[in-house]
Amino acid sequence: MRWTRRPRTKPLGDFAPELVRLTDDVLFGEVWASEGLSQRDRSLITVAALVALYRADQLAFHLPKALEDGVTMDELVEAITHIAFYAGWPNAMSAITQLKNIVEGVDAS
């Protein structure tokens, strides 16, 4: 699956073109395209890291991407619940709230 720039990254292209190019070409074009892991597994790992690091702004992109990549809602709930014991309850509660809003179609912006 080839990465296509999402509407959220387009405005950054004018402000930080090199960062967006690296995101598109290196991160998603090479790292995410590598055959060592499936897109599904990469999404689950990325969500776990973002929850653990309390990167809620990035979860807004990566939770829907994980769902698109085949990670189920139940798997995300289970992963976030598991992470709560290792990375902190507030991190997990914030992430689960974002996931709930995404699944229910609530605009969190």
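Here this note's numbering is used: position 75 in the sequence shown is 62, and no number is missing along the way. All residues carry an ideal CB built from backbone N, CA and C; glycine is no exception.
For the pair R8 and G0, the Cα-to-Cα distance works out to about 8 Å. Burial check for L86: the Cβ neighbour count within 10 Å reaches 16 or more, so the residue is buried.
Under the three-state reduction of DSSP, Y41 is assigned to coil, being neither helix nor strand. Residue environment for H69: exposed (fewer than 16 other C-beta atoms within 10 angstroms of its C-beta). Between L31 and L37, the CB-CB gap reaches or exceeds 8 Å.
Counting only runs that start and end inside the region -2 to 31, the alpha helix (DSSP H) elements of at least 4 residues fall at 4 to 8. In the DSSP assignment, V93 falls outside any alpha helix (DSSP H) and carries neither an H nor an E. Minimum Cα-Cα distance from G92 among the listed residues L6, P51 and L14 corresponds to P51. In the DSSP assignment, T68 falls within the alpha helix (DSSP H) that extends over M60 to A74.
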